[in-house]
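Everything on this sheet refers to the single structure shown next.
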Amino acid sequence: MKRSYRGVVLLSLVLFLNIVCTQQTVNAYYYEKYETVILFCGLNLLLFPVAFWIYKRERDVK
Amino acid sequence: MGQGHNVNGDSKANNKNGKIPFDEDNYTHNIHKDNERSLDRRSFMKLMAGAAGVFAVSTLPWGAIAAKELAGFGNKKYTAAKITDISEIKVGEAIEFAYPGKHDSALLIRLGENEFKAYQNACTHLKCPVFWSKEQGEMVCPCHHGVFDPKTGAPTAGPPRRPLPEIVLEREQGAIIATGVKRYEA
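Residue numbers (the working numbering), protein chains in the order written: chain A, 1229 to 1290; chain B, 659 to 844.
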């Protein structure tokens, strides 16, 4: 079995983006920039399907 | 493998006395210490995907509140109410009124010829009624000597730490009209 850490690296990247987006969401909220809050909240929500897709793709590859 | 009834020496060495510990499924010796802490790649990726889900859910409340603010549900609606005629209040004087409800006492101060300020005058410390001190040029709370700046409503001395809520004013045909209360902003 060939070992590939691509999925691990990609998911780590996704989680990093998650942290950044969450931080930006909260910051923008306290600066009352509500459009920015919605933007980063949307990005954060989008990252979950992306993460799930990466996970599924790496799981099914054999 | 035969258990117990195998009598040759070779088998005896492998099976001890043929009983303990015998090689089969059991409920007491099934913990494999070598494996119990192993985290394989798939479990790790599963964990990461789950974490992404948790992050997504955790930002939902912020997004919801932001959407609410943008849609304008956060702003209360106030009905405009006439406070007084301009001719009835001299420069440097103040009058008390009630806005928005009849029990929400408030203070209108005429700071200059065309400068009016109005605040809800319940002290932000313990709700004592703040009065306008013409001599000091400040709003003073008699209970614990809290002092507020009449230009901004910000506390300048004493125990209060939050500003007085400012009332939005408009001038209309020689009268002062209250149209709303500014939102509290820290």
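Heads up, the beta-carbon is just placed ideally off N, CA and C, and yes, glycines get one too.
Span of the beta strand (DSSP E), counted from its first residue to its last, around residue i
| i | result |
| --- | --- |
| B:Pro800 | Segment: none, B:Pro800 is in no beta strand (DSSP E) and carries neither H nor E. |
| A:Val1278 | Taken as a continuous stretch (DSSP letters only), A:Val1278 belongs to no beta strand (DSSP E), being part of the alpha helix (DSSP H) at 1262–1288. |
| B:Glu793 | Unbroken run through B:Glu793: none, as it is neither H nor E. |
| B:Ala836 | 833–839 |
| B:Asp807 | Unbroken run through B:Asp807: none, as it is neither H nor E. |
| B:Lys775 | 773–778 |
| B:Leu827 | 825–830 |
| B:Lys735 | Looking at the DSSP string, B:Lys735 is not in any beta strand (DSSP E), and its letter there is neither H nor E. |
Residue i to residue j span [Cα, whole Å]
| i | j | result |
| --- | --- | --- |
| B:Pro813 | B:Val805 | 6 Å |
| B:Ala738 | B:Lys775 | 16 Å |
| B:Ile753 | B:Ile747 | 7 Å |
| A:Glu1260 | A:Arg1231 | 47 Å |
| B:Ser718 | A:Ala1279 | Note on residue identity: the sequence assigns Leu, not Ser, to residue 718 of chain B. Looking at the two C-alpha atoms, the distance is approximately 17 Å. |
| B:Leu697 | B:Tyr842 | 50 Å |
| B:Phe755 | B:His761 | 9 Å |
| B:Pro823 | B:Thr810 | 10 Å |
| A:Val1248 | B:Val715 | 15 Å |
| B:Asp668 | A:Phe1244 | Reliability fails at B:Asp668, whose pLDDT of 49 lies under 50, so the model's placement of it is uncertain and no value is given. |
| B:Glu828 | B:Ile834 | 6 Å |
| B:Trp720 | B:Ala709 | 18 Å |
| B:Leu784 | B:Glu830 | 34 Å |
| A:Val1289 | B:Val712 | 26 Å |
| B:Gly730 | B:Ala722 | 12 Å |
| B:Lys734 | A:Tyr1258 | 20 Å |
Sequence-distant residues of the same chain with beta carbon closer than 7 Å to residue i, five excluded per side
| i | result |
| --- | --- |
| B:Tyr736 | Pro758, Thr837, Gly838, Val839 |
| B:His663 | Bear in mind that the predicted position of B:His663 carries a pLDDT of just 47, short of 50, making it unreliable; the figure below should be weighed with that in mind. Around B:His663: no qualifying Cβ. |
| A:Phe1268 | Cys1249, Gln1252, Thr1253, Ala1256 |
| A:Leu1238 | Ile1282 |
8 Å Cβ cutoff met for residue i and residue j
| i | j | result |
| --- | --- | --- |
| B:Ala724 | A:Ile1266 | yes |
| A:Asn1246 | A:Asn1272 | yes |
| B:His803 | B:Gly795 | no |
| B:Met703 | A:Gly1270 | no |
| B:Met797 | B:Pro787 | no |
| A:Tyr1233 | B:Glu727 | no |
| B:Ile741 | B:Gln778 | no |
Bounding residues of the alpha helix (DSSP H) (the contiguous stretch that carries residue i)
| i | result |
| --- | --- |
| B:Thr717 | 699–729 |
| A:Ala1256 | 1234–1258 |
| B:Tyr757 | Careful: B:Tyr757 lies outside any alpha helix (DSSP H) and carries neither H nor E. |
Sequence-distant residues of the same chain with beta carbon closer than 8 Å to residue i, five excluded per side
| i | result |
| --- | --- |
| B:Gly832 | Asp743, Ile744, Ser745 |
| A:Tyr1242 | According to the sequence shown, residue 1242 of chain A is Val rather than Tyr. Within the same chain, A:Val1242 has close Cβ partners Leu1275, Val1278, Ala1279, Ile1282. |
| B:Ser763 | Glu754, Phe755, Ala756, Gln778, Asn779, Ala780, Pro787 |
| B:Cys801 | Cys781, His783, Leu784, Cys786 |
| A:Ser1240 | none |
| B:Leu769 | Val749, Gly750, Lys775, Pro808, Lys809 |
Proximal residues to residue i (C-beta, below 6 Å), its chain only, five neighbours per side dropped
| i | result |
| --- | --- |
| B:Cys799 | Cys781, Cys786, Val788 |
| B:Ile767 | Ala752, Lys775, Trp790, Pro808 |
| B:Ser701 | none |
| B:Gly750 | Lys792 |
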